[in-house]
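To start, the structure itself, in structure tokens.
Protein chains: 2
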Amino acid sequence: MKMTNEIPYKIYLEEQEMPREWYNVRADMKKKPAPILNPNTLQPVTLEELSGIFCEELAKQELDDTTPYFSIPQEILDFYKMYRPSPLVRAYCLEKQLDTPAHIYYKFEGNNTSGSHKLNSAIAQAYYAKNQGLKGVTTETGAGQWGTALSMACSYLGLDCQVYMVKCSYEQKPFRREVMRTYGARVTPSPSMNTEIGRKINAEFPGTTGSLGCAISEAVESALSQDGYRYVLGSVLSQVLLHQSIIGLEAKAALDKYGIKADMIIGCAGGGSNLGGLISPFVGEILRGEANYDIIAVEPASCPSLTRGVYAYDFCDTGKVCPLAKMYTLGSGFIPSASHAGGLRYHGMSSVVSELYDQGLLTARSVEQTEVFKAAQTFARIEGILPAPESSHAIKVAIDEALKCKETNETKNIVFGLTGTGYFDMVAYQKFNDGEMRDYIPTDEELRKAIDTLPKIN
Amino acid sequence: MKMTNEIPYKIYLEEQEMPREWYNVRADMKKKPAPILNPNTLQPVTLEELSGIFCEELAKQELDDTTPYFSIPQEILDFYKMYRPSPLVRAYCLEKQLDTPAHIYYKFEGNNTSGSHKLNSAIAQAYYAKNQGLKGVTTETGAGQWGTALSMACSYLGLDCQVYMVKCSYEQKPFRREVMRTYGARVTPSPSMNTEIGRKINAEFPGTTGSLGCAISEAVESALSQDGYRYVLGSVLSQVLLHQSIIGLEAKAALDKYGIKADMIIGCAGGGSNLGGLISPFVGEILRGEANYDIIAVEPASCPSLTRGVYAYDFCDTGKVCPLAKMYTLGSGFIPSASHAGGLRYHGMSSVVSELYDQGLLTARSVEQTEVFKAAQTFARIEGILPAPESSHAIKVAIDEALKCKETNETKNIVFGLTGTGYFDMVAYQKFNDGEMRDYIPTDEELRKAIDTLPKIN
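Protein sequences appear in the order of chains A and B. With the working numbering as the guide, the letters of the first sequence map in order to residues 32 to 489. With the working numbering as the guide, the letters of the second sequence map in order to residues 32 to 489.
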């Protein structure tokens, strides 16, 4: 522990203090997340089956719920050193503005060209693919954050990268597309005419602007139909949470360095990759009876899988080609309202996060987007970072909690995850600046309909 | 000095190691830059005259060529702590890719929401304005980098910020505009109907998309016509170089910490704010006879003020309302070809940098933009940062020099300034990705014509 009373604005770990292992929180869970199922047999998927879709090492990581630590290969550590450690920032200016006795810290993952934490898993997934001698990987991307991260990782390793980008994003977000192309990725608007499923959808729905579900199906088909290719995914999976544990491990090391004990950990939750990664080592301490933390998952009111979904087996993709997972879900047919501005639009939630939630190890809260953008603006103006809409969900609740501390006069240590920057989200910010942003909360009837699309195996 | 042989990927200074003074290189110059002139009297401008345009403390800094160090006020130091120190990065991956014995370092100024080094001076200028009890500041912006930085600084301090944005940029770069608006700035497309000069230009040239020169004139008029307002500028001025010396001071402190002696310092040069700031402390050592460095300014072949301009008194703005400066210039009537993609399009060069260049303390090189974007792409793919087109001029020459070291087998320490990120420059990247980018070198005849616009006072 550092012998200083003065906590700097930003805590950077030294290179030799950076974690050299990922932490697998499943190993410390007495009740494990339910196994993922083969969509054809509805039986727990085997390593062999999974190795057809993912490269072998990743398939192993996906199925391993007992090994607590995985060594991070040196090549990945070297890549991490280019943009990590990410700073743990003490939000002195925000605290002053809120006039709160709380101490607010945020782990900022946006200082890299992908603009988010996604790079942490992209490099891992690309590395194992390369290491297995594969030629390339395929994936889908919606807004483009994950696609950008994967393009960067593949370009660094000399791996081919094929991205199916939801057609409306491809057309409306040309800048993200160009970043991917600059990194050498082949970006195809989905549905395309390259795949059977794409041709089928184009024939059935002429002029469709695509969906994430369709893009996943095209990416999977494309991987399966090319020699030396595998499919990769940027969230939801347990392997992704494993890689993202680097966020929480670094955050904890930075806190420990200054003898700070967090009281509350807050993260935004879409598929769960950031939240799961941030909270893993802290949850591990709870599970081992070593410490206690209030952990809060924040999701959009327009896509409330934890707060209004059901805990059941569901398809991970609309095309129903991927394994099924038991998770908090709104049903794979659920599509958030078009007025919803940012990411966090996945119908389900990581099965690890879902199981932790079900066991009461974390609570969840849903927030409306105009409030989220108001928090984003406050934060941008006073802390100097323009946050991604996704990350701003966590900011909103961190501010709420800091204001509660003001009322109760408690000096809590609040830690939240600032997953990324909003430079490619200015269309949403413009709507907010122009006062044209609207909230939308799905009705019970809408949710019931979507939940009716759940497979009848529960 | 740190007792380690291992130089980390990124050298971060600790908070207590951060510079607390700016360095004014003019103090160590035996032959000083020529004084700036009042455009009406053509006599050296007085403090009183200058204080009508700039706030008083900044006017003092502008005219002071003898004080070597200026204390950085605590409020500015606190703001700096939010995004500084910026890392000095060892480009291990680039070195490996180039297979060069050279050691390459870059000082990365892009890790803040303005995306560039401009914030270093924006906060200083906003602070002194606030401190003088002013209500607000006015400025112009082309692509929007400076306008964004100033908006951030003003929003932090609670100062009104009025930005005249060149109309074609306002329309073509809505995202930059929205970032400024998110920070509460009032952004007006220029020429506007708010000012006399704007109305005049709109009447004379209906449908004009504006120019930087016109936007400057509108911003100055606007400041002069409102009580409690002053005009601020993001480059060229000596006060800006003073604030930007933080870049060089941090870089030098980081090198010293690991006992590294730079052999070569490379920076891109438009108005000179980044280059001047980066090289100041190193040039100071040369001037005091303490060390020697090869210093290279890199400019676009399409706007070659140092390599093909003349050293003479010229107008700093097209509207001819600002003081005249002696500088390397292409003539205030010079406008780079429309095919020129990035910034670095100013017709002149900081009078400090110009005088240092004239004294032979630095050399200059011009490079064509397709080569610059090729270097940018190489760098992005291997170092993981998507650079701004401006910064990529320095990357191009750093790579050239590293390859020369490979031929001669010399282990030189090359330091270059990576001023910013290219997230808002994807239109230019797209042109490059599509193979549609063209080079343009002005003919001697074109340059002669522009240089003919110089005032006849030299």
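Cβ coordinates follow ideal geometry from the N, Cα and C atoms, glycine included. No experiment lies behind these values; they were computed from the predicted model shown.
query: Residues within the stretch 165-196 of chain B neighbouring chain A, beta-carbon criterion of under 8 Å; result: M183, S186 and Y187
query: For N444(A), the residue or residues it bridges with in DSSP; result: H134(A)
query: C-beta neighbour in chain B for Q408(A), strict 8 Å; result: yes
query: Under 7 Å by beta carbon: chain B residues contacting T213(A); result: Q408, A411, L417, Y460 and N464
query: Reference A433(B); option with closest CA among L181(B), Q74(B) and Y137(B); result: Y137(B)
query: Min CB distance M457(B) to chain A below 8 Å; result: yes
query: Buried or exposed by the 16-neighbour rule on C-beta atoms within 10 Å, applied to M224(B); result: exposed
query: For M34(A), three-class secondary structure by DSSP; result: Because M34(A) carries a pLDDT of 48, less than 50, the predicted location of this residue cannot be relied on, and no value is offered for it.
query: Cα-Cα separation, L119(B) to Y43(B); result: 7 Å
query: Under 9 Å from the C-beta of T239(A): neighbouring residues of chain B; result: Ordered by position in chain B, no residue passes the 9 Å Cβ test against T239(A), which lies about 25 Å from the chain.
query: Rounded separation between M32(B) and Y54(B) - CA only; result: A caution first: M32(B) carries a pLDDT of 49, below 50, which makes its placement in the model too unreliable to give a value.
query: Collapsed DSSP secondary structure at R115(B) in the structure displayed; result: coil
query: Min CB distance P50(A) to chain B below 8 Å; result: no
query: Exposed unless 16 or more other CB atoms sit within 10 angstroms - verdict on A234(B); result: exposed
query: Secondary structure of G167(B), DSSP reduced to three states; result: strand
query: Contacts of M468(B) in chain A (Cβ-Cβ under 8 Å); result: Chain A residues near M468(B): none, gap ~13 Å exceeds 8 Å.
query: Burial state of I67(B), where buried means 16 or more other Cβ atoms lie within 10 Å; result: buried
query: Chain B contact for K63(A) (CB, 8 Å cutoff); result: no
query: Coil, strand or helix - L188(A) by DSSP; result: helix
query: Proximal residues to E476(A) (C-beta, below 7 Å), its chain only, five neighbours per side dropped; result: none
query: DSSP state of C86(B) mapped onto helix, strand, coil; result: coil
query: Own chain partners of M34(B) with C-beta closer than 8 Å, once the 5 adjacent residues on each side are dropped; result: Low per-residue confidence applies at M34(B): pLDDT is 48, beneath 50, and the placement is therefore not dependable, though the value from the model is reported in the following sentence. Cβ within range, chain order: n/a, list empty.
query: Same chain only: Cβ atoms within 7 Å of C86(B), ignoring 5 sequence neighbours per side; result: Y159, A160, Q163, L165 and R261
query: Near-chain A residues of the stretch 103-116 of chain B (beta-carbon distance less than 7 Å), N- to C-terminal order; result: K112, M113 and Y114
query: Interface flag, E281(A) vs chain B, CB-CB below 8 Å; result: no
query: Within-8 Å CB hit, E414(A) to chain B; result: yes
query: Bridge partners - G298(B), DSSP secondary structure assignment; result: A328(B)
query: Closest residue to K61(A) among V314(A), D470(A) and I413(A) (Cα-Cα distance); result: V314(A)
query: Chain B within 8 Å of E438(A), Cβ atoms only; result: no
query: 7 Å Cβ cut-off: residues of chain A touching Y43(B); result: Y43
query: Residue-chain proximity (F206(A), chain B), Cβ-Cβ < 8 Å; result: yes
query: is_contact[V210(B), chain A] using C-beta, thresh 8 Å; result: yes
query: Beta-carbon proximity check, C353(A) vs P75(A), cutoff 8 Å; result: no
query: Per-residue DSSP class, three states only, for K161(A); result: helix
query: One or two residues paired with Q193(B) in a DSSP bridge; result: T169(B) and R217(B)
query: Option nearest Y187(A) by Cα separation, candidates K292(B), V194(B), C185(B) and K127(B); result: K127(B)
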